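Residues in the sequence shown are numbered consecutively from 41, following full-length UniProt numbering.
The structure under discussion appears below in the form of structure tokens.
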Amino acid sequence: QTGMFTYDPGFLSTAACQSSITYIDGDKGELLYRGYPIEQVATQCDFLETCYLILNGELPNEQQKEDFVSLVTNHTMVNEQMQFFLRGFRRDAHPMAVMTGLVGALSAFYHDSIDINNARHREISAIRLIAKMPTLVAMAYKYSIGQLYMYPKNSLSYTGNFMHMMFATPCEEYVPNDVLVRAMDRIFILHADHEQNASTSTVRLCGSSGTNPFAAIAAGVACLWGPAHGGANEACLNMLEEIQAMGGVAKIGEFVTKVKDKNSGVKLMGFGHRVYKNYDPRATLMQETCREVLGYLGVKNDPLLELAMALEKVALEDEYFVSRKLYPNVDFYSGIVQRAIGIPVSLFTAIFALARTVGWIAQLNEMIADPEYKIGRPRQLFTGAIRREVKPMAMR
Ligand code: SDX
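This is how it looks when you write it as structure tokens:
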């Protein structure tokens with residue numbers, strides 16, 4: 041009761057929804073994609089198998105995988121006009137500003153041929169978006185460094201193709217390295233879906249108006265950019281580099297003191313989660329990937345990895361973090377892995393968006409396929425002025 045309106049507690053229900061895609065147990069630190077533990081999916085499947093699972097609810101058999109890979113592969117190119125959208129940006133524009141624009145621009149090429157209520161149209165939109173995101177992210181990167189775009193090379197794997205488009209030039213071929221491709225592929229898998237997070241809620245709410253899927257995904261890209269969400273991986277690496285510049289491990293205590301001072305506004309980036317009040321299982325897998333990549337590259341003791349592990353140890357033993365159930369999340373180690381692979385910090389969140397596109401699309405399609413769905417319309421609990429009359433100017 042707010043004096044003006046009585047509100048129906050059910051109005052909260054519009055902010056949540058039911059889904060059969062991803063299950064999270066925040067207390068146990070458990071994450072399942074369509075019932076399969078993330079630890080098994082991330083180590084026994086590749087990203088396109090994971091996409092098939094998230095979209096269709098089952099892991100593909102040999103033939104289903106072959107057909108799906110071929111479908112995605114044949115949609116990796118983008119309309120040549122897309123390059124002219126890039127030219128409107130400064131070269132130093134943040135890749136997430138560019139990606140918000142490019143993904144939204146995709147709708148200009150397809151919106152008039154898509155009825156989101158048509159299941160076949162939803163399927164082909166999903167394929168197009170999954171296929172084209174790596175091409176767009178690589179184009180954003182090449183534009184930022186003043187290099188020519190590299191066309192997709194469809195003889196390569198999905199992730200190998202992405203790394204080819206990122207690192208090859210017309211003068212030099214990029215031969216995808218299995219260890220680094222596997223690490224990149226695992227980063228995609230670990231970021232593929234995560235239940236009703238902020239950007240997925242944005243995509244669902246935006247798509248519930250019946251807009252085209254490309255526009256809805258562009259809204260998700262914009263939301264993901266925030267440092268409290270997908271922007272945390274970039275912010276986390278910048279935080280580690282800041283502590284390193286302050287003096288490294290010896291300065292952890294000083295930094296943690298600042299974090300505990302509420303007035304500082306400083307957060308331990310890569311720590312904490314709205315749902316996990318235990319270890320984020322993705323952080324464990326990301327740390328393992330980190331060790332594999334650095335070990336393969338012969339990096340004996342990467343100062344940032346040493347620092348991250350020392351910081352994690354301090355935080356896990358500090359009452360402030362323990363009492364608030366703050367543990368490393370997916371973003372804590374992902375930046376170190378991406379940096380080792382050669383991905384620039386500014387591109388980390390764009391890569392998160394590339395990976396999360398399949399989750400956004402699957403969640404959007406699941407909502408639209410429900411005959412009962414309606415346009416999202418969460419209510420507000422009104423706390424403003426009660427009804428009153430306008431006074432003539434002389435009396436105000
Ligand atoms: C992602 O939702 C998803 O699923 C998101 C995601 C996905 O896959 O889509 O998992 C991806 O976004 C991971 C989160 C990435 N963000 C960061 O790493 C940024 C740093 N983390 C925080 O900003 C924070 O932890 C949030 C935003 C993630 C959660 O914030 P909450 O909801 O406030 O966390 P909480 O309720 O558990 O906080 C309890 C206390 C509060 O202090 P008190 O009021 O009790 O004194 O812990 C504090 C918070 O201020 N706190 C932190 C902290 N996170 C929470 N203090 C210092 N450093 C932190 N990182």
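Even for Gly, the Cβ is constructed at its ideal location relative to N, Cα and C.
Remember, it's a predicted structure, so these values are computed and weren't measured experimentally.
> If you draw a straight line from the C-alpha of Leu111 to the C-alpha of Ala425, how long is it?
Replying inline: As a first step, residue 111 is located in the sequence shown; it is residue number 71 there, counting from the start. As a first step, residue 425 is located in the sequence shown; it is residue number 385 there, counting from the start. If I take the Cα positions, the gap works out to 56 Å.
>> Measuring only the C-alpha atoms, how far is Gly186 from Arg131?
In response: Counted from its first residue, the sequence shown places residue 186 at position 146. Counted from its first residue, the sequence shown places residue 131 at position 91. Taking the straight line from one Cα to the other gives about 7 Å.
> Short check: CB of Met190 to CB of His204, under 8 Å?
Replying inline: Taking the sequence shown and counting its residues from 1, one reaches residue 190 at position 150. Taking the sequence shown and counting its residues from 1, one reaches residue 204 at position 164. Against a cut-off of 8 Å, the Cβ pair of His204 and Met190 comes out as a contact.
> Span of the alpha helix (DSSP H) holding Leu71?
Replying inline: Counting from one through the sequence shown, the residue named residue 71 turns up at place 31. Here Leu71 belongs to no alpha helix (DSSP H); instead the beta strand (DSSP E) covers 70-73.
> Shortest alpha-carbon distance to Glu352 belongs to which of Pro368, Phe207, Ser363, Tyr360?
Replying inline: On the sequence shown, position 312 is the one that residue 352 refers to. When only C-alpha atoms are compared, the closest one is Pro368.
> From the DSSP output, which residues share a beta bridge with Tyr76?
Replying inline: Within the sequence shown, numbered from 1, the residue matching residue 76 stands at position 36. Answer is Tyr73.
> What alpha helix (DSSP H) runs, 4 residues minimum, are completely inside the stretch 83-117?
Replying inline: 87-96, 102-113
>> Please identify the residue among Leu308, Asn273, Gly375 whose C-alpha is closest to the C-alpha of Leu366.
In response: The residue given as residue 366 occupies position 326 in the sequence shown. Residue Leu308 is the option with its Cα nearest to Leu366.
> So the beta strand (DSSP E) Tyr63 belongs to, where does it begin and stop?
Replying inline: Against the sequence shown, residue 63 aligns to sequence position 23. Counting along the chain, the beta strand (DSSP E) containing Tyr63 begins and ends at 62-65.
>> I need the straight-line Cα distance from Leu176 to Phe361, nearest angstrom please.
In response: For the purposes of this step, residue 176 is taken as the residue at position 136 of the sequence shown. For the purposes of this step, residue 361 is taken as the residue at position 321 of the sequence shown. Near 39 Å, if we compare the C-alpha coordinates of Phe361 and Leu176.
> Hey, would you say Asp358 sits closer than 8 Å to Val296, going by beta carbons?
Replying inline: Residue mapping note: residue 358 aligns to position 318 of the sequence shown, counting from 1. Residue mapping note: residue 296 aligns to position 256 of the sequence shown, counting from 1. Result yes, Cβ atoms of Asp358 and Val296 sit closer than 8 Å.
> For Phe207, which residues does DSSP report across the bridge?
Replying inline: Taking the first residue of the sequence shown as 1, we reach residue 207 at position 167. Beta-bridge pairing links Phe207 to no other residue.
> Between Pro343 and Gly288, which are expected to be in contact by the criterion C-beta below 8 Å, what is the C-beta distance as a whole number of angstroms?
Replying inline: Indexing the sequence shown from 1 puts residue 343 at position 303. Indexing the sequence shown from 1 puts residue 288 at position 248. 6 Å between Cβ atoms; contact.
> Can the beta-carbon of Leu169 be found closer than 8 Å to that of Pro253?
Replying inline: Against the sequence shown, residue 169 aligns to sequence position 129. Against the sequence shown, residue 253 aligns to sequence position 213. The answer is yes: Cβ separation under 8 Å.
>> Please determine whether the Cβ atom of Lys298 lies at a distance below 7 Å from any heavy atom of the ligand SDX.
In response: Counting from one through the sequence shown, the residue named residue 298 turns up at place 258. The answer is no for Lys298.
>> Using only the alpha-carbon positions, how far apart do Ala434 and Gly144 sit?
In response: Taking the sequence shown and counting its residues from 1, the one referred to as residue 434 is at position 394. Taking the sequence shown and counting its residues from 1, the one referred to as residue 144 is at position 104. Roughly 49 Å between the two C-alpha positions.
> Hey, how far is the Cα of Glu89 from the Cα of Leu245?
Replying inline: Looking up residue 89 in the sequence shown gives position 49. Looking up residue 245 in the sequence shown gives position 205. Their Cα atoms are separated by approximately 27 Å.
>> On the CB-based measure, 16 or more other CB atoms within 10 Å of its CB, does Asp65 come out buried or exposed?
In response: Working through the sequence shown from its first residue, we reach residue 65 at position 25. Exposed.
> Can you tell me whether DSSP reads Phe311 as helix, strand or coil?
Replying inline: The sequence position of residue 311 within the sequence shown is 271, counting from 1. Strand.
>> Comparing C-alpha positions only, which one of Gly271, Ile167, Asn237, Leu230 sits nearest to Gln84?
In response: Within the sequence shown, residue 84 is the residue found at index 44, counting from 1. Here the closest residue by C-alpha is Leu230.
>> For Ser184 and Ala133, I'd like the C-alpha separation in whole angstroms.
In response: For this step, residue 184 is matched to residue 144 along the sequence shown. For this step, residue 133 is matched to residue 93 along the sequence shown. Each residue's Cα considered, the two are about 7 Å apart.
>> Per DSSP, what are the beta-bridge partners of Pro368 in this structure?
In response: Along the sequence shown, read from residue 1 onward, the residue named residue 368 stands at position 328. According to DSSP, which records beta bridges pairwise, Pro368 is partnered with Phe311.
> Considering only residues of the same chain and omitting the five flanking positions on each side of Ser60, which have a CB-CB separation below 6 Å?
Replying inline: Looking up residue 60 in the sequence shown gives position 20. Excluding residues within five positions, none has a Cβ falling inside 6 Å.
> Between the C-alpha atoms of Gln327 and Glu212, what's the straight-line distance to the nearest angstrom?
Replying inline: Position 287 of the sequence shown, counted from the start, is the residue given in the question as residue 327. Position 172 of the sequence shown, counted from the start, is the residue given in the question as residue 212. Taking the straight line joining both Cα atoms gives about 32 Å.
>> Tell me which residue opens and which closes the alpha helix (DSSP H) that Ile292 is part of.
In response: Translated into positions along the sequence shown, residue 292 becomes position 252. Taken as a continuous stretch (DSSP letters only), the alpha helix (DSSP H) holding Ile292 covers 292-300.
> Of all the options Glu79, Val339, Phe129, Ala178, which has the alpha carbon lying nearest to the alpha carbon of Val118?
Replying inline: Your numbering for residue 118 matches position 78 in the sequence shown. The candidate whose alpha carbon is nearest that of Val118 is Ala178.
> Does at least one heavy atom of the ligand SDX sit under 7 Å from the Cβ of residue 27?
Replying inline: In the structure as shown, the chain begins at 41 and stops at 436. Residue 27 is therefore absent and cannot be evaluated.
> What is the DSSP secondary structure of Thr251, reduced to helix, strand or coil?
Replying inline: Along the sequence shown, one-based indexing puts residue 251 at 211. Of the three classes helix, strand and coil, the one that applies to Thr251 here is coil, per DSSP.
>> Excluding the 5 residues flanking Asp48 on each side, which residues of the same chain have their C-beta closer than 7 Å to its C-beta?
In response: To locate residue 48, count along the sequence shown from 1; it is residue 8. Residue placement at Asp48 is flagged as unreliable, the pLDDT there being 43, under the threshold of 50; the coordinate-derived value follows with that caveat. Hits under 7 Å: none found.
>> Could you compute how far the alpha carbon of residue 455 sits from the alpha carbon of Arg436?
In response: The chain is shown only over 41 to 436; residue 455 falls outside these bounds and no answer can be derived.
> Are there 16 or more other CB atoms within 10 angstroms of the CB of Asn273, so buried, or fewer, so exposed?
Replying inline: Translated into positions along the sequence shown, residue 273 becomes position 233. Classification of Asn273: buried, given that the 10 Å Cβ count is 16 or more.
> By Cβ distance, which residues of its chain are closer than 7 Å to Ala82, with the 5 residues on each side in sequence left out?
Replying inline: Taking the first residue of the sequence shown as position 1, residue 82 is located at position 42. Hits under 7 Å: Arg226, Ile229, Leu230, Leu325.
> Looking at Lys291 and the ligand SDX, is the gap between the Cβ and the nearest heavy atom below 7 Å?
Replying inline: Here residue 291 refers to the residue found at position 251 of the sequence shown. Not so, every heavy atom of the ligand SDX lies at least 7 Å from the Cβ.
>> Give me the residue from Asn237, Arg364, Val385 with the minimum Cα distance to Tyr373.
In response: Start at 1 with the first residue of the sequence shown, and residue 373 comes out as number 333. Out of Asn237, Arg364, Val385, Val385 has the C-alpha closest to the C-alpha of Tyr373.
> Mapping DSSP to helix, strand and coil, what is Asn341?
Replying inline: Translated into positions along the sequence shown, residue 341 becomes position 301. Reduced to three states, the DSSP call for Asn341 is coil.
> If you compare alpha carbons, which of Ser363, Arg364, Ile376, His313 is closest to Asn341?
Replying inline: The residue given as residue 341 occupies position 301 in the sequence shown. The candidate whose alpha carbon is nearest that of Asn341 is Ile376.
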